[in-house]
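Below is one structure, written out as structure tokens, with a few remarks after it.
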Amino acid sequence: MNDLKAKLNPSQLEAVQAIYGPVLVIAGAGSGKTRVIEYRVLNMVQNNIDPASILLLTFTREASRKMLARATAHDSRCKSVDGGTFHSFAYKLLKRYAKVIGFPESFSIMDEADSLDAVQRCVAALNLFDGEKKFPKKDTLKSIISGVINKNTTVGKILEKEYPDFFSFKDDIENLGKKYAEYKIERNLLDYDDLLIYAKLLLENEIVRKKISERYKFIMVDEYQDTNKLQADIARSLSYSHNNIMVVGDDAQSIYGFRGAFHENIMKFPENFDKCKIIKLEENYRSTQSILDLANSVLENMQNKYSKCLVSARQDLGEKPQIQFFSDAYREAEWLAAKIKELCDEGLDLADQAVLFRSSYISIPLQAELSKKGIPYQVFGGLKFYETAHVKDLMSHLKVISNPKDELGWARVLMLLEGIGPKTSDKILKDIASYSTLAEILEKSFEGHNIKFKYSPNIRKLQQLLKYVLEETDIGNQFSKVLDYYLPILKNKFDDWNLRLNDLETLKQISCRYDSLEDLLADFAIESPDSGVKNAEYTPREEEKPLTLSTIHSAKGLEWTNVYLLGLMDGVFPVSFSLGDEDEIEEEHRLFYVAVTRAKNNLILSLHHEASRGGINQFNKISRFVDRANILSKLNKQAIIDPDIDDDDISSCDFDQDTVIYDKKSLYNKVTRIF
DNA sequence: CCGCGGAGTGTTTTT
DNA sequence: CACTCCGCGG
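Each residue of the first sequence is one higher than the one before, counting from 707 in this note's numbering.
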């Protein structure tokens, strides 16, 4: 144990050694939270606690994998520690105890798009389209329903606060919520919220809860500030009989309020758990003091008082963070790509640099520029490749094999066939629903559509495919067969089918690693695989690790030597939608704090003023988060805009002269005024 | 009833 | 500008 003392500071050590009872660890950014979890697990295992009785719940599966891998490197027994996200843990639990809760053996997990589809179908089934008044769109409806569940509130309250215009539809939406729940149950479908709801329900059963707490005697929850009420309830139930629970988090880094995260979970933890030990980690091991000075100013500017002042444990003061101004996004991208390349040539690996942004679209000009310069990069956040049409098309075939009641999967599969649209697919779906196994459907339902209609030959082809796949047990072979079948459809549907085929080939590689179709599909919905390295026409050398581009949300918990923060304009960051609501601006502000604290040695902020939105060119001001004396004084202000813009440059960036609102001079004045 | 094309809308973060 | 929804022609 002397070993531990050498590797940890006193508060970290205290957290590591607090094994029994409830413990709350408030861990400031970069304060060695990962280290604490790593060594705590190790310490427990070395004190002869059974590793299989430890459960580590994290925000992403990647995070738990990383922490457990580190612990395992010290002691191989740590390999048996159980870890994952709340959602994946809930899935495991439900599979194991499906019968107890009245579930069928097999059920499917819906992704967000599936849920929206289902909501749409429920709206149609209830005839909620009112000719007179405008009924909310499916996205809105889903977010209301989801909000009710995740925030533990009522339709009325959500409408009042977030969508007052739709208050008159309160009853309809409540009915819709019921219908949607019913719809899912009838078809063995679970959405993300259901995973948590049913897990919570399951844990309310005394027998199950007892069994589970016999299995897991030590619960650890990371990123507790981003859990919602359901997740807090689950954590509580899990620790009910032994009370051995440690939660780790930072209230200043709560950035998932939009998803129902309840950051009071962390503040009220001591109230809810008797005799809770509270440990604060405040020493920062990540960043230079210059970066922390900026981060502390950001904290100061927030409404809520976050009781933290980060102090660097590092000896070096470091460079002052910089801020760079550009006229437009292309110049910003150009400069940034050049800068990254320059540093890379000087010996700073691409893997040690990252570009962060509020919204994915902000990074598009940069992606183009990086491709042009042949710099390999990897994008996190934004549209996932498993959400693209071709991937969903293919996966739907696997879905109906796994769960023949999956109406959404069937609808997608059927509508791919020529001659089948919404009406016909509905008709076939109805017929399919009257059988319970796939074999039966293929034999009885599909036979009926054999000759009569013009789409019959297509149905026949589908029938043959599914018959084959049903008899095949190897997932690789199943996948290949589906891909062969889908290829002509893909070619017909997309001009860029060649690129998309690449994705599907990648997907095949991933699929081969599974031996249960159900697990493959569940993993796919719950734990998305990364989109892989995007590098346009350039193939990187094997050993060259790519540059990271990431949304700030996806960068949570990570760190890089150099961090670039792109697009710091008001309306972009904070996003325009948040401006009407103080709580939302506050969350954006915390997001800014998260972004700033990702950097170890160097931080460069940048922004561009001209932007084209909805075809109208507009001038963007510097972000309100930056435009404050205490922030600006912590920054090294670099030359403003490009000193020698000539008219050629302006026309070369596709700027429509007629719609330019500001001329060069007034633009310059606008920009310089803030100093 | 399918499927195409035009009009209109609204543009975030994620399990 | 991209995606969705609606209306019309085949």
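Every residue, glycine too, gets a C-beta built ideally from N, C-alpha and C.
If you run the structure through DSSP and keep just helix, strand and coil, what is V722? Correct three-state label for V722: helix.
Y1083, enclosing beta strand (DSSP E) - first and last residue: 1083-1086
Less than 8 Å separating the beta-carbons of I1337 and S1003? Remark: C-beta atoms of I1337 and S1003 approach each other more closely than 8 Å.
Could you pull out every residue in the same chain whose Cβ sits closer than 8 Å to the Cβ of L1227, ignoring the five residues on either side in sequence? S814, I815, M1101, L1104, K1105, S1108
What do you reckon, are the CB atoms on R962 and L944 nearer than 8 Å? Looking at the sequence itself, residue 962 is Tyr, so the reference to Arg does not match. No, the pair does not count as a contact, with Cβ atoms beyond the cut-off.
Select from L1122, I1181, A1043, L901 the residue whose C-alpha is nearest the C-alpha of Y1161. Distances from the alpha-carbon of Y1161 to those of L1122, I1181, A1043, L901 put L1122 closest.
Test item: CB-CB of E1113 and N1164 under 8 Å: no
Quick one: measure Cβ to Cβ for P976 and S996, integer angstroms, because I've assumed they're closer than 8 Å. So it is not a contact: roughly 34 Å between Cβ atoms.
Return the CA-CA distance between A1011 and K739, expressed in angstroms with no decimal places. The sequence given here places Lys at residue 1011; Ala does not occur at that position. K1011 and K739: Cα-Cα distance of roughly 21 Å.
The region 1307-1315 touching the region 1270-1278, judged by at least three CB pairs closer than 8 Å: yes
Taking the beta carbon of Q1009 as the centre, do at least 16 other beta carbons fall within 10 Å, making it buried, or is it exposed? With fewer than 16 other beta carbons inside 10 angstroms of its own, Q1009 counts as exposed.
Report yes if the CB atom of S993 is closer than 8 Å to the CB atom of K1306, and no otherwise. yes
Give the single residue among A1035, Y1092, F1283 whose Cα lies nearest to the Cα of F1325. A1035
For S919, I'd like the list of residues in its chain whose CB is within less than 8 Å of its CB, leaving aside the five on either flank, ordered along the chain. So the qualifying residues of the chain are L944, S945, Y946, S947, H948.
Would you kindly check if the distance between the Cβ of H793 and the Cβ of Y898 is under 8 Å? yes
State the Cα-Cα distance for the pair K983 and L800, rounded to the nearest angstrom. 32 Å
Restricting to runs no shorter than 3 residues, where is the beta strand (DSSP E) found entirely within the region 1154-1205? none
Thinking C-alpha only, which one of D1051, K1090, G808, I1046 is nearest Q1059? The option with the nearest alpha carbon to Q1059 is I1046.
Suppose you measure from the CA of K885 to the CA of H1096; what does that come to, to the nearest Å? 30 Å
Reduced DSSP secondary structure (H/G/I, E/B, other) of I755: coil
Of the residues K1187, E1288, R771, which one's Cα is nearest the Cα of L762? R771
For F1387, does the three-state DSSP call read helix, strand or coil? Because residue 1387 is not part of the residues shown, which for the chain are 707 to 1381, the question remains open.
State the Cα-Cα distance for the pair L1255 and K843, rounded to the nearest angstrom. 32 Å
Measuring alpha carbon to alpha carbon, tell me which residue in F924, R741, I807 is nearest A775. R741
For L1171 and K906, what's the separation of their Cα atoms in angstroms? 39 Å
Please list the terminal residues of the continuous alpha helix (DSSP H) segment that includes F1331. Note, F1331: premise wrong, no alpha helix (DSSP H); not H, not E.
DSSP bridge partner residues for L1257 (one or two, in chain order): Here residue 1257 turns out to be Thr, not Leu, going by the sequence shown. Beta-bridge pairing links T1257 to F1063.
Would you tell me roughly how many angstroms separate the C-alpha atoms of A804 and K974, rounded to the nearest one? 33 Å
Does the pairing of the region 773-792 with the region 753-760 give three or more beta-carbon distances under 8 Å? yes
Uninterrupted alpha helix (DSSP H) stretches inside the region 755-792 (no shorter than 4 residues): Fully enclosed alpha helix (DSSP H) runs of 4 or longer: 767-780.
Can you check whether the CB of L1005 is closer than 8 Å to the CB of A967? By the CB criterion at 8 Å, A967 and L1005 fall outside the cutoff.
Same chain only: Cβ atoms within 7 Å of I752, ignoring 5 sequence neighbours per side: Sequence inspection shows Gln at residue 752; the Ile mentioned does not correspond to that position. Excluding positions up to five away in sequence, the list reads D781.
When I1029, N856, I855, L909 are compared against D1333, the one with the closest alpha-carbon: Minimum Cα distance to D1333 is reached at I1029.
Continuous beta strand (DSSP E) assignments of at least 3 residues falling wholly in the region 945-1005: 951-955, 983-987
Drop a sphere of 10 angstroms on the beta-carbon of C828, count the other beta-carbons inside from all chains shown, and report buried for 16 or more, exposed for fewer. C828 is buried by the Cβ-count criterion.
In terms of alpha-carbon separation, which member of A796, N971, P1082 lies closest to L896? A796
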